[in-house]
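Engineer:
Numbering (our numbering), first residue to last: 456 to 903.
(1) Using the C-alpha atoms, what's the distance from residue 557 back to residue 706?
(2) Quick one, which of 654, 678 and 799 has its alpha-carbon nearest residue 489's?
(3) Tell whether a beta-carbon distance below 7 angstroms holds between residue 539 and residue 842.
(4) Is the CB-CB distance between residue 727 and residue 669 below 7 angstroms?
(5) Buried or exposed: which applies to residue 698, given that a residue is buried once 16 or more other Cβ atoms fall within 10 Å of its Cβ?
(6) For residue 709, does the count of other Cβ atoms within 10 angstroms reach 16, so buried, or fall short, so exposed?
(7) Which residue comes first and which comes last in the alpha helix (DSSP H) that contains residue 867?
(8) Taking only the alpha-carbon atoms, compute the straight-line gap between residue 588 and residue 667 and give it to the nearest angstrom.
(9) To which residues of the same chain is residue 631 closer than 7 angstroms at the C-beta, ignoring the five residues directly before and after it?
(10) For residue 693 versus residue 634, is the C-beta spacing smaller than 7 angstroms?
(11) Between the stretch 529-538 and the stretch 858-869, can you find at least three pairs of beta-carbon atoms closer than 8 angstroms?
(12) Identify the residues that DSSP records as bridge partners of residue 703: which are they?
(13) Taking the beta carbon of residue 688 as the centre, do at least 16 other beta carbons fall within 10 Å, making it buried, or is it exposed?
(14) Decide if residue 725 is buried, meaning its Cβ has at least 16 other Cβ atoms within 10 Å, or exposed.
(15) For the alpha helix (DSSP H) containing residue 771, list its first residue and its last residue.
(16) Going by CA-CA distance only, name the one from 473, 866, 901 and 837 that's closest to residue 546.
(17) Span of the alpha helix (DSSP H) holding residue 655?
(18) Should residue 797 and residue 831 be called a contact, given that it needs their Cβ atoms to be closer than 7 angstroms?
(19) Between which residues of its own chain and residue 891 is the CB-CB distance below 8 angstroms, once the five residues before and five after are set aside?
(20) By the three-class DSSP mapping on this structure, what secondary structure does residue 726 have?
(21) Smallest Cα separation from residue 793: which of 745, 519, 716 and 584?
(22) Determine the extent of the alpha helix (DSSP H) in which residue 627 is found, giving its start and end residues.
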């Protein structure tokens with residue numbers, strides 16, 4: 456009779472725990488990063504001891520031995536890898552889009568074309584005041600377009616730096632949070648609901664970190680994660696309950712990330728995540744700015760050389776139209792008098808326009824408009840390519856997530872079946888206890 460009570464009691468305890476596990480699954484079915492748990496039930500078998508009251512009884516009830524978290528490490532890692540690839544491409548595409556906006560905002564190629572068109576108009580009547588004034592105005596507009604475009608690219612560069620600093624700070628914060636999870640992970644019992652919850656939080660943090668940079672993750676037997684940034688050869692950010700800090704810097708067009716930990720500094724070489732996209736963005740901005748400077752410098756030199764080889768309307772030697780500021784693209788027009796345009800060949804009359812063909816020749820050899828157009832079109836082509844790759848990588852990541860969720864995701868239909876099954880088992884175990892009590896009471900009443 457005692458065995459019957461013990462068996463019923465063990466069933467009540469075990470199936471109460473199992474019902475709690477199913478209820479937890481149902482309650483968290485829509486929670487991102489939650490992994491389904493299952494209750495591990497095991498039969499309590501008689502040890503066969505010589506002092507056993509009933510050696511013919513094999514079963515002594517059921518016991519809940521622990522909670523198993525349904526997760527596949529390989530599928531989880533595939534999600535992190537796919538997420539890192541997608542984040543790199545999307546971040547790079549975002550900077551290419553910002554560069555495209557900077558290049559197109561001032562319509563710089565059109566302003567340069569308008570300047571040369573004004574020079575052609577002047578050739579029809581080199582001594583006329585109106586076309587000369589129009590040419591100076593066009594030169595001012597072209598110089599302004601170079602300055603505006605350069606300033607826009609500088610703002611993009613500053614935004615890249617700001618994102619680099621923010622990304623480094625976020626990774627430092629995530630690393631500290633993961634170290635705290637590791638510390639708590641070492642204190643909870645294996646197979647407990649607490650251990651499963653901490654493992655979920657660990658994987659959520661790792662997934663967020665992988666969107667910032669590609670990771671090399673190793674999990675020890677207690678579930679604690681050690682994390683290296685930038686692959687297996689990268690610096691260690693998190694180990695046990697200790698975490699380092701992530702730094703960002705830029706030298707020219709080269710963006711660098713590093714890890715400071717335990718008194719040592721290591722350089723991160725990102726091949727995935729937002730960090731890699733930031734590095735690509737910094738390089739692209741610097742290259743675009745450098746090419747803009749080259750075109751601006753060549754354009755100003757060509758125009759000023761044209762001036763130096765000609766004669767003004769007042770029969771004087773021509774002087775420079777453009778001057779550069781801190782950078783070649785920081786152009787300004789220093790000629791204020793339209794009569795100073797050196798349209799004539801030295802020694803000819805005021806109405807002569809013999810020097811103007813030299814400007815058109817410089818236009819053809821310098822390919823200023825073509826180079827500006829190439830700058831825009833190459834950036835647009837790279838942006839289009841990144842967007843195409845991002846679409847493919849998004850599909851790959853979605854597939855990886857679906858594969859992971861097939862193991863760890865909560866299926867409400869399945870949970871409903873388990874809920875009914877465990878509820879019936881719980882009720883049956885309660886009935887066993889009730890029957891045992893009634894039988895025992897009957898025996899007591901019979902003996903009176």
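Where a beta carbon is used, it is the ideal one built from N, C-alpha and C, also for glycine.
Structural biologist: So, to answer that:
(1) 22 angstroms
(2) 654
(3) no
(4) yes
(5) buried
(6) exposed
(7) 867-901
(8) 54 angstroms
(9) 698
(10) yes
(11) yes
(12) 712
(13) exposed
(14) buried
(15) Unbroken run through residue 771: none, as it is neither H nor E.
(16) 837
(17) 648-665
(18) no
(19) 456, 459, 460 and 463
(20) coil
(21) 584
(22) 584-640
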